[in-house]
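Right, one structure below, let's go through it.
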Amino acid sequence: MQENGALRAGLLIDSNGGPPLRDAIVQFADGRITAVGRAQEFGSVADSALTIGNIVMPGLVDCHAHPTLFPDRRPFEEQLQAPDEMLALTAIRQLTVHLRSGVTTVRDCAARGQTMFWVREAIRRGFFPGPRLQLAGRAITHSGGHIHWAGGVADSAEEIRRHVRVLVAEGADVIKLVASGGGTKGGIPYLASYTVDELRVGVAAAHALERPTVAHARATQSIENCVDAGIDAIAHVEFLSPGEIVDMGNAGAPTGLPKLDVRVAEKLARSNAFLDLNPQSSGWDTVVLLRGKPELTCAESEQLSKLERYFEHFLPVIGALRDLGLADRMGFGSDAGPFDTEFGHLEYNVHLARKAGLSPMESLQAVTRNAARLCGLHDRVGTLDVGKDADLLVLDADPLEDEQNLTRVAAVYKSGVRLV
Numbered sequence: 146m147q148e149n150g151a152l153r154a155g156l157l158i159d160s161n162g163g164p165p166l167r168d169a170i171v172q173f174a175d176g177r178i179t180a181v182g183r184a185q186e187f188g189s190v191a192d193s194a195l196t197i198g199n200i201v202m203p204g205l206v207d208c209h210a211h212p213t214l215f216p217d218r219r220p221f222e223e224q225l226q227a228p229d230e231m232l233a234l235t236a237i238r239q240l241t242v243h244l245r246s247g248v249t250t251v252r253d254c255a256a257r258g259q260t261m262f263w264v265r266e267a268i269r270r271g272f273f274p275g276p277r278l279q280l281a282g283r284a285i286t287h288s289g290g291h292i293h294w295a296g297g298v299a300d301s302a303e304e305i306r307r308h309v310r311v312l313v314a315e316g317a318d319v320i321k322l323v324a325s326g327g328g329t330k331g332g333i334p335y336l337a338s339y340t341v342d343e344l345r346v347g348v349a350a351a352h353a354l355e356r357p358t359v360a361h362a363r364a365t366q367s368i369e370n371c372v373d374a375g376i377d378a379i380a381h382v383e384f385l386s387p388g389e390i391v392d393m394g395n396a397g398a399p400t401g402l403p404k405l406d407v408r409v410a411e412k413l414a415r416s417n418a419f420l421d422l423n424p425q426s427s428g429w430d431t432v433v434l435l436r437g438k439p440e441l442t443c444a445e446s447e448q449l450s451k452l453e454r455y456f457e458h459f460l461p462v463i464g465a466l467r468d469l470g471l472a473d474r475m476g477f478g479s480d481a482g483p484f485d486t487e488f489g490h491l492e493y494n495v496h497l498a499r500k501a502g503l504s505p506m507e508s509l510q511a512v513t514r515n516a517a518r519l520c521g522l523h524d525r526v527g528t529l530d531v532g533k534d535a536d537l538l539v540l541d542a543d544p545l546e547d548e549q550n551l552t553r554v555a556a557v558y559k560s561g562v563r564l565v
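Letter by letter, the sequence shown follows residues 146 to 565 in the working numbering.
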């Protein structure tokens with residue numbers, strides 16, 4: 146397959162934060178970027194460079210997804226009656242959808258058993274084209290805790306260490322710990338689960354084997370616990386606390402309303418933790434669906450009102466964290482798979498980032514450069530720099546002008562090979 150070539154574009158966005166280059170070329174060989182610059186600097190190469198779309202930018206990085214799950218609005222307990230073979234086939238479908246939308250790197254943040262390890266092996270063998278995968282395998286949680294269905298239950302320090310060691314031996318790239326309740330039946334999202342000491346055990350075991358950690362943390366207390374334990378990336382970060390319960394309907398499990406805790410937020414800002422934010426998975430797909438209907442039933446109107454109220458609370462939390470100087474540590478992942486959250490719509494997260502107060506460039510970096518940093522893959526992907534993998538997204542229109550232009554995909558390259 147072709148791994149060498151040059152693309153010419155009217156506008157090149159390298160995602161480093163500077164102004165885009167006009168009439169620019171990105172050149173690559175053996176799957177790696179060898180040169181980036183204005184076309185006039187390339188001599189005869191400029192004349193032979195391939196022109197597909199108007200815009201070239203880095204392939205998108207989804208730093209949080211669950212490809213083995215299908216967003217048919219059923220609870221986990223029903224979905225997971227399917228055998229591992231069905232989960233693997235579901236993952237193939239979801240990764241294909243993501244790839245066609247321009248996502249070239251995906252961090253899977255928990256799957257049952259060894260399913261995703263074998264999906265990755267199938268991609269490696271060339272059985273089907275797919276994005277680059279960074280895998281957590283089974284999330285580590287306490288008995289009855291969120292994602293216990295994955296098979297990573299650990300109720301003691303020794304069990305936590307054992308799970309980390311087994312996961313790394315199986316091929317895990319990152320260790321996921323569950324620090325609060327979530328959408329699993331019986332869970333309470335606004336309460337912490339693992340203690341600081343328990344989380345520290347997981348962090349120490351993971352770091353001893355040169356693996357980063359990510360933690361599911363929706364509750365305010367769980368966010369603080371993660372900071373104190375030295376978690377590398379904190380997922381969700383909704384700042385939920387005991388109080389009002391929001392019925393999400395079939396868009397998700399019941400939850401609380403986000404409310405910023407300034408003390409914990411400032412503590413988070415002083416830490417080195419990345420923020421793995423997932424606003425799409427708070428029912429945004431359902432908001433889009435219902436807003437697009439010409440008429441709504443009474444039940445639909447009520448659900449839309451509840452979901453919009455949730456975002457009226459959550460987006461200002463994200464904006465406040467941005468104002469604390471955390472924009473460069475914000476990665477926006479889809480959390481696609483559970484409930485209503487679809488693959489192939491990472492642009493929803495860019496839209497929500499902009500609504501929360503991030504600039505157009507910051508919002509784009511949240512699904513490219515920052516997401517790659519969060520995953521520890523910034524030496525390979527996330528920006529268009531010499532030496533990095535030639536993961537390229539070619540678009541017909543500028544996503545800095547309108548994030549919806551991310552859906553106008555003309556071509557997708559992974560390591561210099563055109564896959565879309």
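Glycine residues also receive a C-beta, built at the ideal position from the N, C-alpha and C atoms.
Start-to-end residues for the alpha helix (DSSP H) that takes in residue i
i: Arg408; result: Val407 to Arg415
i: Gly347; result: Val341 to Ala353
i: Gln224; result: Phe221 to Gln224
i: Lys451; result: Cys443 to Leu466
i: Thr235; result: Asp229 to Arg245
i: Lys500; result: Leu491 to Lys500
i: Arg525; result: Looking at the DSSP string, Arg525 is not in any alpha helix (DSSP H), and its letter there is neither H nor E.
i: Ala180; result: Premise fails: Ala180 lies in the beta strand (DSSP E), Arg177 to Arg183, not in any alpha helix (DSSP H).
i: Leu322; result: Premise fails: Leu322 lies in the beta strand (DSSP E), Ile320 to Val323, not in any alpha helix (DSSP H).
i: Arg518; result: Arg514 to Leu519
Backbone secondary structure at residue i - three-state DSSP
i: Glu266; result: helix
i: Cys208; result: strand
i: His381; result: strand
i: Lys533; result: coil
i: Ala314; result: helix
i: Pro424; result: helix
i: Gly150; result: strand
i: Ile197; result: coil
i: Ser560; result: coil
i: Asp547; result: coil
i: His308; result: helix
i: Leu280; result: strand
i: Thr431; result: helix
i: Thr552; result: helix
i: Leu402; result: coil
i: Asp192; result: helix
i: Pro203; result: strand
i: Gly162; result: coil
i: His291; result: coil
Cut-off 7 angstroms between Cβ atoms - residues of its own chain near residue i, not counting five sequence neighbours on either side
i: Arg567; result: Any question about residue 567 goes unanswered here, given that the chain covers just 146 to 565.
i: Gly347; result: Ile285, Ile305, Val309, Ile320, Leu322 and Thr358
i: Arg525; result: Lys533 and Asp534
i: Gln366; result: Ala337
i: His293; result: Thr286 and Thr329
Anticipated Cβ contact below 8 angstroms, residue i with residue j, distance rounded
i: Leu503; j: Arg467; result: 6 angstroms
i: Ala481; j: Pro220; result: The Cβ separation is near 16 angstroms, so there is no contact.
i: Gly204; j: Thr241; result: Gly204 to Thr241, Cβ: 15 angstroms. No contact.
i: Glu315; j: Gly282; result: 6 angstroms
Rounded straight-line distance, which links the Cα of residue j to that of residue i
i: Asp342; j: Asp229; result: 33 angstroms
i: Tyr558; j: Leu354; result: 32 angstroms
i: His191; j: Gly275; result: According to the sequence provided, residue 191 is Ala. The question's His does not apply to it. Each residue's alpha carbon lies about 30 angstroms from the other.
i: Ile379; j: Gly188; result: 47 angstroms
i: Gln159; j: Ala517; result: Reading off the sequence, residue 159 comes out as Asp, not Gln. Rounded to the nearest angstrom, the two C-alpha atoms are 13 angstroms apart.
i: Ala174; j: Ala151; result: 9 angstroms
i: Ala556; j: His287; result: 43 angstroms
i: Asp547; j: Trp429; result: 18 angstroms
i: His291; j: Leu413; result: 23 angstroms
i: Ala233; j: Val407; result: 42 angstroms
i: Thr400; j: Gly464; result: 21 angstroms
i: Glu472; j: Ala501; result: Here residue 472 is Ala; the residue named in the question, Glu, does not match the sequence. Distance between the alpha carbons of Ala472 and Ala501 is about 11 angstroms.
i: Pro505; j: Arg499; result: 6 angstroms
i: Leu402; j: Val382; result: 12 angstroms
i: Thr196; j: Ala360; result: 42 angstroms
i: Ile200; j: Val565; result: 15 angstroms
i: Leu572; j: Leu435; result: Given that the chain is displayed from residue 146 to residue 565, the structure contains no residue 572 and the question cannot be resolved.
i: Lys566; j: Cys443; result: Because the chain here runs from 146 to 565, residue 566 falls outside it and cannot be looked at.
Proximal residues to residue i (C-beta, below 6 angstroms), its chain only, five neighbours per side dropped
i: Leu551; result: Glu492 and Pro544
i: Ile333; result: Gly326
i: His351; result: This sequence places Ala at residue 351; His is not what is there. Contacts found: Val309, Ile320 and Thr358.
i: Tyr339; result: Ala324
i: Arg514; result: Ser160, Gly527 and Thr528
Residue i - containing beta strand (DSSP E), residue span
i: Met475; result: Met475 to Phe477
i: Gln172; result: Leu166 to Ala174
i: Ala374; result: Note, Ala374: premise wrong, no beta strand (DSSP E); alpha helix (DSSP H) at Thr365 to Ala374.
i: Arg252; result: Val248 to Asp253
Spatial neighbours of residue i in its chain, beta-carbon cut-off 8 angstroms, leaving aside the 5 residues before and after
i: Ile178; result: Val171, Gln172, Leu529, Asp530, Val531, Gly532, Lys533, Asp534 and Ala535
i: Gly182; result: Leu166, Ala169 and Ile170
i: Glu453; result: Val432
i: Glu148; result: Phe173, Ala174, Asp175, Gly176, Ala535, Ser560, Gly561 and Val562
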